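K.L.:
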Amino acid sequence: MNHSGHVVGGILTGGAVCFLASTTGDVELGWETLNEITKSPLSPTQNTKTLLGLFMTTLFMALFPDLDIQSVSQRWFFRIVFVLMGIMHFSGRYDLFVIVAFCAILPVLHQHRGWTHWKITPWAIAVFLATVQEYFHAQQRTYGGFEWENVLELLERYWLFVVACVAGHYMHLFLDARSMRWLKFISNDANHH
Ligand SMILES: [Zn+2]
20 MNHSGHVVGG ILTGGAVCFL ASTTGDVELG WETLNEITKS PLSPTQNTKT LLGLFMTTLF
80 MALFPDLDIQ SVSQRWFFRI VFVLMGIMHF SGRYDLFVIV AFCAILPVLH QHRGWTHWKI
140 TPWAIAVFLA TVQEYFHAQQ RTYGGFEWEN VLELLERYWL FVVACVAGHY MHLFLDARSM
200 RWLKFISNDA NHH
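Take any residue in the sequence shown, count from 1 to its spot, add 19: that is its number in this note's numbering.
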């Protein structure tokens, strides 16, 4: 599947995840949400932030697997990483700097359609991010250190983001599948990733 096919897939899945979130009552999605955004685009409410976060997580994960090969998404990914590393360097967050620097290289270490295309990958990423979060929380705690229980609790509390992560990634795998090659209008074999 080519890049634009994955972008379309990511946007559709992102919309579906936001809709799912609204049916569980975690967020509100409707015309009022649109009003909220247009009224104060620079100071989004918690609701809009969650919706946007879910949507972007899904879209990112739908594009993530092809970071293992030279692609449009890869170029943008490295541009964003570059800016982030700059911000972390100048704000003195070397702990985050090291984590981002190591992780940014991971997709290109393996062959194309290597680990980034594995079915277990989105789950591993979700657990990894929760672990990093708990690592930073533990540093701020006065009592007690790192607890795996808290990692589980984080995953439970942010389960919609885990869903977004997995749904976006699996959409990519689905569109990459051999059986999807008939979708000629969004896939061209010479340029498929
Ligand atoms: Zn792919």
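Where is the CB? At the ideal position from N, CA and C, for every residue including glycine. All values reported here derive from a predicted model rather than from experimental measurement.
Does the beta-carbon of D85, which I'm using as the reference point, lie nearer than 8 Å to any heavy atom of ligand 1?
P.N.:
Within the cutoff, so yes.
K.L.:
Specify the secondary structure class of G49 as computed by DSSP and reduced to three states.
P.N.:
In the structure shown, G49 sits in coil (DSSP, three-state: anything other than H, G, I, E or B).
K.L.:
Could you tell me the distance, in whole angstroms, from the CA atom of Y113 to the CA atom of G24?
P.N.:
Taking the straight line from one Cα to the other gives about 37 Å.
K.L.:
Could you work out which residue in M107, Q130, N21 and M199 is closest to V91 when comparing CA atoms only?
P.N.:
Nearest C-alpha to V91: N21.
K.L.:
Give a yes or no on whether the C-beta atoms belonging to F97 and A123 are separated by under 9 Å.
P.N.:
Yes, these two residues count as a Cβ contact at 9 Å.
K.L.:
For H188, name the three-state secondary structure that DSSP assigns.
P.N.:
H188: helix per DSSP, three-state reduction.
K.L.:
Quick check on N169: does DSSP put it in helix, strand or coil?
P.N.:
Note: N169 maps to helix in three-state DSSP.
K.L.:
For a quick check, are the C-beta atoms of L174 and A145 less than 9 Å apart?
P.N.:
Yes, Cβ-Cβ distance for L174 and A145 is below 9 Å.
K.L.:
I need the DSSP call for K220, collapsed to helix, strand or coil.
P.N.:
Because the chain is modelled from 20 through 212, residue 220 falls outside the range shown and cannot be assessed.
K.L.:
Using the rule of at least 16 other Cβ atoms within 10 Å of the residue's Cβ for burial, across every protein chain shown, is H136 buried or exposed?
P.N.:
By the 10 Å Cβ count, H136 comes out buried.
K.L.:
Put Q93 into one of helix, strand or coil per three-state DSSP.
P.N.:
Helix at Q93.
K.L.:
State yes or no: is the C-beta of V36 within less than 9 Å of the C-beta of L86?
P.N.:
Result no, Cβ atoms of V36 and L86 do not sit closer than 9 Å.
K.L.:
Less than 8 Å between the CB of R132 and some heavy atom of ligand 1, yes or no?
P.N.:
True, at least one ligand heavy atom lies under 8 Å from that Cβ.
K.L.:
Can the beta-carbon of H131 be found closer than 9 Å to that of I88?
P.N.:
Contact: yes.
K.L.:
Does P60 pass the burial test, meaning 16 or more other C-beta atoms within 10 Å, or should it be called exposed?
P.N.:
The residue in question, P60, is exposed, as its Cβ has fewer than 16 Cβ neighbours within 10 Å.
K.L.:
So, for N66: in the same chain, excluding its five sequence neighbours on each side, which residues have a beta-carbon less than 8 Å away from its beta-carbon?
P.N.:
Taken in chain order, the residues that qualify are V46, E47, T52 and E55.
K.L.:
Exposed or buried, which one is F83 when buried takes at least 16 other CB atoms within 10 Å?
P.N.:
Per the 10 Å Cβ criterion, buried.
K.L.:
Just confirm the distance between the C-beta atoms of A81 and M190, as a whole number of angstroms; I'd bet it's less than 8 Å.
P.N.:
With a Cβ gap of about 5 Å, A81 and M190 count as contacting.
K.L.:
What are the start and end residues of the alpha helix (DSSP H) that includes S23?
P.N.:
H22 to T42 is the extent of the alpha helix (DSSP H) around S23.
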